[in-house]
Amino acid sequence: MLTTPERIAFVLVALLSLLLTAHGVSRLVRAIGRGQGRPRWSTFLRRVVPVSFEILLQRPIFRARPLVSLLHAGVFFAFVFYGLVNVLDVAEGFTGFSTLHRGGIAAAYNVVADLLSVAALVGILGLLVRRFGLRPFRFNDRVFLLPSVHFGIARDSAIVGGFILLHVGSRWIGQAVRIAESGRPDWSQPTASLVATLFSSWSDTALAAASHITWWLALGLILAFLPYFPYSKHIHLFMAPLNLILREESPLGRLEPPVTGDGTMGAERLEQLRWYQLLDAYACIMCNRCQDVCPAHGTGRALSPAALEINKRYYLNRNLSAFAGGASSPPLLEIAASKEAVWACTTCAACVRICPVGNRPMLDLIDMRHALVSRGDPIDPNLQAALESLARYGNSFGKPARQRARWAKELPFPIKDARKEPVEYVWFVGDFASFDPRMQENTKTVAQLFHAAGVDFGILYEDERNAGNDVRRVGEEGLFELLVEHNLAALEKAQFRAIVTTDPHTYNALKNEYPAYGLRVPVYHYTEILADLLERGVLRVQQPLAAAVTYHDPCYLGRYNRITGAPRRIIRALGLELREMPRHGANTYCCGAGGGQIWMDSGGQERPSEQRIREAVGLGDDLRYFVVSCPKDMAMYSDAVKTTGYEGRLTVIDVARLVATAVGIDGVARESVSVESEAR
Amino acid sequence: MTIVVVMEQVPDVAEELAIAPSGTDLDRDAISYVVNEYDEHALEEALLLAETSGDEVVAIGIDATGELDQALYTALAKGAQRAIKLTGDFEGTWLSTRTAARLLAPVIEELAPRLVLVGVQAPDDLDGQLAPTLAALLGWPHASVVVGSELVNGMVRVRKELWGGITMLLELALPAVLGIQAARQAPRYVPVSRVRQVMREASIEVRDVEVTSDLAPVPVRLRFPEETGQAELLTGSASEIADRLIELLRARGLL
Amino acid sequence: MAQRIVVLVEHLYGEPTDVTFELLGLARRIADSDGAIVEAVLLGEGVRHLAETLPAERVILVEHPALRYLAPEATAITVTGLLRTDAPRLALLPNTSLGMDVAAWVASALDWPLVAYCQALERREGQLVATAQLFGGKILADVAVGTSPTVISVLAGAFAAAALEPAAPGTIEVREPPAELAALRTHAASLERPAAADVDITRAEKIVAVGRGIESKDNLELAEELAQALGAVVAASRPLVDAGWLPRSRQVGKSGLKVKPKLYLALGISGAPEHLEGMKDAELIIAINKDPKAPIFGVADYGAVADLFDVVEALLERLGG
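Chains as they are written, first to last, in the working numbering: chain A, 211 to 890; chain B, 3 to 257; chain C, 774 to 1094.
This is the structure:
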């Protein structure tokens, strides 16, 4: 089909384009290689097939925004198939071989190409309309953005969208032109045949010229676009799958120890991030889903996980050759995220969970905290007081360790000292459950339930320390290690089979992070134990409760550790009607206390916990209980129902209290009666 | 040039305190110690001064508890260049301020600093505060309740707080002794990893000192204050308490 | 010759401070029990007129420009000189910012015993006993005062003030300033008043005072709301002011302001001695604190061991409607 000069031109342009592209890609690879650590290719081999399958099914994308995901799927499947289409089209250009008016495999190929072209066109038009019309890109105005980002996002979106439109559109119209040239419709290309009717009046020469022009527009455009490709967000095409495939399968709740240099810890600059955190910037497609689910951004704070990745990306785009060549980047605080943003993260991991390309912006923020803390940057005074108290007393309450088990004295029975006698379960109570007077009632209830069910348990008394989950996440790695050492030494003294905890943060640390320090025992959340006791009939419901309730999944339980079933089984076993909030299970919304926020001044316009209470209230006027299974949630939401003015209408209650009421445990009788009568 | 900071460990008053059977001291076995909070401010002020003046900050302390190392390592981790600990036959005893000053004075004189910073007071200062006591022994000018200091023209300009926000501005010739009430900014946080690193890499100089005078401040008998039962306690739920309070305020015409 | 009890007169802006009269009152009571005489030591510049207002048998007056503001070095040297010559039985100094710089210096220079933080001084079985408040007010130390000259540094507000009019005006004895004042190493003393305050808490009839128990700056709003509902102003204990949450002008206590409102509602204030000094003369003190052992309950008229947030919320509900 092509003339000889056209053929020569194509080959020359293709060579030039590939050369430029290769140069760009190699710089990019070197830039990512500046990151700390190296990917493990064994991971690649193990994961390439299953993860590719996931991607082909578009599973990571369909986690949110179903309609948009459908549009994306159209473009995605078209591009996968266009890999073949483009090759055959080039072959057609050079050899004249055409699939036009053929049967069998060629016809099947035509049908698919024809329909996917339309899918891609509809998809990209839909996405463009959304991006530029319906839902333009917005960050709250406290979010730090590199100057180049402001205009860059729109430009990049327009270029990539325009490229897809032009590339697919030219090919589609080109097919129509060729059908028109042939003089009759091709049943295997129904949409192109329809378009071909537009050209029925065109002369043969005009059609021949149009065939050449559309060919060049479709394929020449690729050559023109290729060198720009590494700088555009379109590169997510490769980087996103790579990011997903190379991701280690360690639990979400297990942080790697921070990278340490001489005297430094964590990441102050781009090159101190790990390689995959640099890859994240290239995998990012700027969809902003992470920002949508971020409780910090949603309450007007300066953090947007999307802005973080986009800033990194734009910094790299503009300084790629220098950075790839070994130049040091400016501090991340100047190019990626403000200090305010770094300290706004609740480590709820919603951004990590939602990201369709497997990015983990939260880790960057934690690494930046490590760097700030380790170089002695001033921290929030409340946080400082909490850390000093943790170092001194092992709790954030500024209370002597000897007072940790004070609540236990108020029980009618003694609790075993696990350091002195063997027990089946060591109950790791946690700071809030031990010290906060509002939580101690719940703690006593849990103790009574365990006691009534004959669970063989004990506590570590004053030897228990804060498990350190949030200490690590505010970037105080040394203090975290100190706490781990203390706790392991205490556990060393005890003989037990398993650990049960009240606090999901504690649960996460013990379950996911302590093994690296040598703890190898099963760890349970108390809801798991209670669910089991109810199901085995050890705890028997005397008086089923009848009320509509909703359940809030704590981030560190529901999202991090996927314990979503046990609390719900309890609620149903008690006879309660469970209504789910729109955000539940692994998609739960943060209460705003995690990642050390409970020790800091929030500075947001509204608290995430208040938004959450409104979400629950939306479930109906007759919703009575907001059920929680985390002491911090109890604190946060008890406050939030007051500040939102829903006190009296909605009651925040720990799941254990409901169990105690339903099974009629002595000692909580006074409470039980009132709850029961209200419940009916 | 040198700025000396004196770090003292004192019983943690957040803990429950017990009195020894002798009645003349706290039950030292039941006590846990913390660095005197004003000494933390003194250290911070010294570090801030040194950041602009380039002085060497030397933290010194009398190890009357056997646990002073931690405090001195923390001072080193925060930025002090040297740490000196005075040891002797007084572990587990209550050192009077004057005895402490007598132990410290010769070591301080030998260091020839231009400033000595100490916490304005300590919870066990029965025989007075360290700064003026030390100043009298050294014969250097002094000021206490200092909330700001600055080295200018071979002098130290200090802001001494009186009360009600009234402050006295003084210029003291060097060397001088300051009792620090509050550093210009809150004492900095030092990450545990840095302290641990310092513990591996730095060392504390040890000086053996001898106590010549009587240890105890003055003949003393300790007791707990009378039951603080003066207040009539309102009990019940928050709402019940609030009801009672409203009632009380109404009765007194305060509402 | 009768034994003497010497009191250092603290003055500021040309007025003796309250604590001066408290010390003179204390000296008077002890002197009455053992026939000693009370001497007021008045140092300053142009303060002679103050001598007549002091209820003491004798006023020792030393005037010198360096003594104008009672700056530490000059005052300590002058007092030391006087005490060395006169060797009184007791020297009472205030345990205030000005006083502590003198008391410990003087006692150390003379090597006399010193009892600081004294909150009570009384005769028990013929023996004079000084009670010092130590360890954040958690422990009291009874110290037997010997017969040799002793310096006592007395907490402000611990004793009742002496009657203003002296029974018979005391004699005034003028002494020469010591020669050392010519070679001081302290210069340029001056006083600075705080910038005009937004609210004068010393004039407020009702005060809602907050302490560490308020936990975070955000929660100040709640206190502010309650204050508004009560027609009160918000004041605070030292830690909150140090943290910058409230201006200095709102600080109650030793280094802050002394207040005597009709209502002092203390929220989350444990009641360190320094704080109690500034507010214990309020007419009605109500304290809410989680810790039943908080010393604030010792001076409060009513107390509640409760979560302050719950109580404040409940109060607001009732006052708001």
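Ideal Cβ placement from N, Cα and C applies to all residues, glycine included.
Nothing here was measured: the structure is a model prediction, and the numbers come from that model.
Hey, how far is the Cα of residue i from the Cα of residue j?
i, j, result
"residue 194/B", "residue 80/B", "11 Å"
"residue 791/A", "residue 826/A", "6 Å"
"residue 91/B", "residue 887/C", "24 Å"
"residue 538/A", "residue 638/A", "45 Å"
"residue 574/A", "residue 795/A", "25 Å"
"residue 41/B", "residue 112/B", "21 Å"
"residue 217/B", "residue 860/C", "With a pLDDT of only 49 at residue 217/B, under 50, the local geometry of the prediction cannot be trusted, and the value read off the model is given with reservation. The straight-line gap from Cα to Cα measures roughly 25 Å."
"residue 387/A", "residue 266/A", "32 Å"
"residue 499/A", "residue 564/A", "7 Å"
"residue 1012/C", "residue 984/C", "7 Å"
"residue 209/A", "residue 298/A", "Absent from the structure is residue 209/A, since the part of chain A shown begins at 211 and ends at 890."
"residue 442/A", "residue 450/A", "13 Å"
"residue 797/C", "residue 806/C", "14 Å"
"residue 648/A", "residue 845/A", "7 Å"
"residue 227/A", "residue 429/A", "12 Å"
Tell me the DSSP secondary structure of residue i in three-state form.
i, result
"residue 628/A", "coil"
"residue 1104/C", "Because chain C is modelled from 774 through 1094, residue 1104/C falls outside the range shown and cannot be assessed."
"residue 762/A", "coil"
"residue 162/B", "strand"
"residue 812/C", "strand"
"residue 369/A", "helix"
"residue 603/A", "helix"
"residue 1075/C", "strand"
"residue 637/A", "strand"
"residue 208/A", "Past the edges of chain A, shown from 211 to 890, lies residue 208/A, and the structure says nothing about it."
Are the C-beta of residue i and some C-beta of chain B separated by less than 8 Å?
i, result
"residue 475/A", "yes"
"residue 857/A", "no"
"residue 1057/C", "yes"
"residue 1053/C", "no"
"residue 846/C", "yes"
"residue 989/C", "no"
"residue 223/A", "no"
"residue 1071/C", "yes"
Determine whether the Cβ of residue i lies closer than 8 Å to any Cβ atom of chain C.
i, result
"residue 121/B", "no"
"residue 217/B", "Low confidence applies here, because residue 217/B scores a pLDDT of 49, under 50, leaving its location unreliable; read the following figure in that light. No - not a single Cβ of chain C is within 8 Å of the one on residue 217/B."
At the 8 Å Cβ level, is residue i part of the contact set with chain A, yes or no?
i, result
"residue 1086/C", "yes"
"residue 1010/C", "no"
"residue 1016/C", "yes"
Taking Cβ positions only, does residue i come closer than 8 Å to chain D?
i, result
"residue 610/A", "Judged by its chain identifiers, the structure shown contains no chain D, and its protein chains are A, B and C."
Can we say the region 524–534 of chain A touches the region 352–366 of chain A, given the rule of at least three CB pairs closer than 8 Å? yes
Residues from the region 585–605 of chain A in contact with chain C, defined by Cβ distance under 8 Å: 591 and 592
According to a CB-to-CB cut-off of less than 7 Å, which residues of the region 68–101 of chain B neighbour chain A? none
What are the residues of the region 175–200 of chain B that lie near chain A, defined by any Cβ-Cβ distance shorter than 9 Å? 187, 188, 189, 190, 191, 192, 193, 194, 195, 196, 197, 198 and 199
Does the contact criterion of 3 or more C-beta pairs under 8 Å hold for the region 605–623 of chain A versus the region 657–664 of chain A? yes
Taking a cut of 7 Å between CB atoms, which residues from the region 125–143 of chain B lie near chain C? 125, 126, 127, 128, 129, 130, 131, 134, 135, 137, 138, 139 and 143
Scan the region 687–699 of chain A for residues whose Cβ lies nearer than 8 Å to a Cβ of chain B and list them as they occur along the chain. 687, 688, 689, 691 and 692
Is the number of C-beta pairs between the region 971–980 of chain C and the region 855–873 of chain C that are closer than 8 Å three or more? no
Segment contact, 8 Å Cβ cut-off, at least three pairs: the region 365–374 of chain A with the region 328–338 of chain A: yes
May I ask you to list, following chain order, the residues of the region 615–647 of chain A that have a beta carbon less than 8 Å from some beta carbon of chain C? 647
Interface residues of the region 950–973 of chain C facing chain B [CB-CB below 7 Å]: 958, 959, 960, 961, 962, 963, 964, 965, 966 and 967
Using a Cβ-Cβ cut-off of less than 8 Å, list which residues of the region 873–890 of chain C approach chain A; keep chain order. none
Using a Cβ cut-off of 8 Å, which residues of the region 28–51 of chain B contact any Cβ in chain A, in chain order? 34 and 36
Any residues in the region 815–844 of chain C with a beta carbon nearer than 9 Å to a beta carbon of chain B? Which ones, in chain order? 842, 843 and 844
Check whether the region 1020–1035 of chain C touches the region 996–1003 of chain C, counting contact only when three or more Cβ pairs, one atom from each stretch, lie closer than 8 Å. no
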